[in-house]
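Since the structure comes first, as structure tokens, the remarks are kept for the end.
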Amino acid sequence: MAPVVLAVLDGWGNTPEQKHNAIHAASTPIMDALWHAYPHALIEASGAHVGLPDGQMGNSEVGHLTIGAGRVIRQELVRISQAVQNNQLGENAALQALASDLKASGGRLHLVGLLSDGGVHSHINHLGGLLRWAAAAGIQQVCIHGITDGRDTPTDSSPGYLQTLDEQIQQAGIGQLTTLCGRYWAMDRDNRWERVEKAYRLLTEASPVSSASPLDVVKAAHSDGTSDEFLEPVRFAPELIEPNDALVLFNFRPDRMRQLTAAFVNSTFQGFER
Numbered sequence: 048m049a050p051v052v053l054a055v056l057d058g059w060g061n062t063p064e065q066k067h068n069a070i071h072a073a074s075t076p077i078m079d080a081l082w083h084a085y086p087h088a089l090i091e092a093s094g095a096h097v098g099l100p101d102g103q104m105g106n107s108e109v110g111h112l113t114i115g116a117g118r119v120i121r122q123e124l125v126r127i128s129q130a131v132q133n134n135q136l137g138e139n140a141a142l143q144a145l146a147s148d149l150k151a152s153g154g155r156l157h158l159v160g161l162l163s164d165g166g167v168h169s170h171i172n173h174l175g176g177l178l179r180w181a182a183a184a185g186i187q188q189v190c191i192h193g194i195t196d197g198r199d200t201p202t203d204s205s206p207g208y209l210q211t212l213d214e215q216i217q218q219a220g221i222g223q224l225t226t227l228c229g230r231y232w233a234m235d236r237d238n239r240w241e242r243v244e245k246a247y248r249l250l251t252e253a254s255p256v257s258s259a260s261p262l263d264v265v266k267a268a269h270s271d272g273t274s275d276e277f278l279e280p281v282r283f284a285p286e287l288i289e290p291n292d293a294l295v296l297f298n299f300r301p302d303r304m305r306q307l308t309a310a311f312v313n314s315t316f317q318g319f320e321r
């Protein structure tokens with residue numbers, strides 16, 4: 048039997064468009080030789096073909112899962128979005144238990160996640176669904192700790208997501224944007240704990256409250272040449288994550304939230320001094 052190699056090239060695609068096409072512009076002699084010397088075919092790697100909404104770009108997590116399963120799997124983005132659209136978050140047993148515990152403790156609910164519609168790690172519509180669920184569940188205080196994207200979305204697109212969040216808060220009648228920081232700090236996955244520590248301390252330790260609005264903060268950062276990904280941690284309200292509070296991380300892709308999660312829940316955590 049001849050050996051078979053499955054080589055996965057993250058981000059490699061085929062399109063007739065030549066503008067902004069890095070693969071077309073690059074010198075790729077090996078790939079060109081393989082293409083011309085052997086039989087080949089193209090497969091779809093986005094949208095409904097890999098269990099995503101129509102028009103949603105694929106990504107490495109989705110592609111690897113689909114390859115490994117050998118079939119189309121309805122991805123987390125789709126499943127959660129459907130639950131939000133159908134007002135079914137309240138049927139989730141974990142959220143039911145959380146609401147019950149908060150009513151008993153009198154604590155706050157903290158929502159942490161990426162303010163983005165990139166669909167790779169999160170979707171801002173899920174945050175809106177959580178706010179509506181919290182209001183319906185009778186939760187009194189909701190603090191939102193936003194993470195700006197700029198990697199799966201345009202580098203300076205956060206003003207639009209802040210506007211969307213403001214509309215979601217008004218619609219739900221609950222919630223406040225308490226902190227904001229770039230994903231560079233909160234979503235590291237390579238044990239660069241000094242980054243995650245900045246995000247953790249923003250969430251758990253008192254720091255000066257900015258007198259500027261969130262929109263003014265991100266616009267000033269953009270003017271200084273800082274993109275959303277690298278936005279420095281900033282606080283807009285004094286509330287911290289404290290005992291008796293509840294914490295929901297609403298990113299559905301786990302790889303870039305494991306380190307921040309570990310800082311909260313791992314009793315043997317050694318990434319930095321807590």
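177 is the number that my numbering gives to position 130 of the sequence shown; each next residue is one higher, with no gaps.
Built from N, CA and C at the ideal position, the CB exists for glycine as well.
Small disclaimer: the values here were computed from a predicted structure and weren't measured.
### Message
Excluding the 5 residues flanking residue 222 on each side, which residues of the same chain have their C-beta closer than 6 angstroms to its C-beta?
### Response
Same-chain partners within the cutoff: 178, 189, 191, 216.
### Task
Classify residue 192 as helix, strand or coil using the three-state DSSP reduction.
When secondary structure is reduced to three states using DSSP, residue 192 falls in the strand class.
### Message
Which residues does DSSP list as the beta-bridge partners of residue 293?
### Response
Paired residue(s): 156.
### Task
Could you check which residue in 172, 173, 303 has the C-alpha nearest to that of residue 231?
Looking at the Cα atoms, 303 is the closest of the given residues.
#### Entry: Segment contact, 8 angstroms Cβ cut-off, at least three pairs: the region 171-187 with the region 124-138
Flag = yes, the region 171-187 and the region 124-138 touch.
### Query
Can you tell me where the alpha helix (DSSP H) with residue 308 in it begins and where it stops?
Taken as a continuous stretch (DSSP letters only), the alpha helix (DSSP H) holding residue 308 covers 305-312.
### Counted within 10 angstroms of its Cβ, other Cβ atoms place residue 268 as buried (16 or more) or exposed
Result: buried.
### Task
Taking residue 187 and residue 243 to be in contact with their CB atoms under 8 angstroms, please state how far apart those CB atoms are, rounded to whole angstroms.
Approximately 30 angstroms separates the beta-carbon atoms of residue 187 and residue 243; this is outside 8 angstroms, ruling out the contact.
#### Entry: residue 218 - DSSP class collapsed to helix/strand/coil
Helix at residue 218.
### For residue 89, the residue or residues it bridges with in DSSP
DSSP, once it has assigned bridges, lists no residue as partnering residue 89.
### Query
Using 8 angstroms as the Cβ pair cut-off and three pairs as the minimum, do the region 280-294 and the region 239-256 touch?
Yes: at least three Cβ pairs fall under 8 angstroms.
### Message
By the three-class DSSP mapping on this structure, what secondary structure does residue 282 have?
### Response
Strand, per DSSP.
### Query
Among residues of its own chain, excluding the 5 on either side of residue 281, which ones have a beta-carbon nearer than 6 angstroms to its beta-carbon?
Once the five neighbours on either side are set aside, the close Cβ partners of residue 281 are 227, 257, 264.
### Message
Please classify residue 71 as buried or exposed, where buried requires at least 16 neighbouring CB atoms within 10 angstroms.
### Response
The residue is exposed, with fewer than 16 neighbouring Cβ atoms inside 10 Å.
### Query
Would you say residue 299 and residue 169 are within 8 angstroms of each other, going by their C-beta atoms?
Judged by their CB atoms, residue 299 and residue 169 are nearer to each other than the 8 angstroms cut-off.
### Message
Which residue wins for smallest C-alpha separation from residue 118, given the options 95, 75, 126, 314?
### Response
With distances taken between Cα atoms, residue 118 lies closest to 95.
### Query
Can you find a CB in chain B that lies within less than 8 angstroms of the CB of residue 110?
Within the model displayed, chain B is absent; a lone protein chain is all it includes.
### Message
Tell me the rounded alpha-carbon separation between residue 144 and residue 212.
### Response
Counting only the Cα atoms, residue 212 lies some 26 angstroms from residue 144.
### Task
Note the first and the last residue of the continuous beta strand (DSSP E) segment covering residue 103.
Element bounds for residue 103: n/a, residue is neither H nor E.
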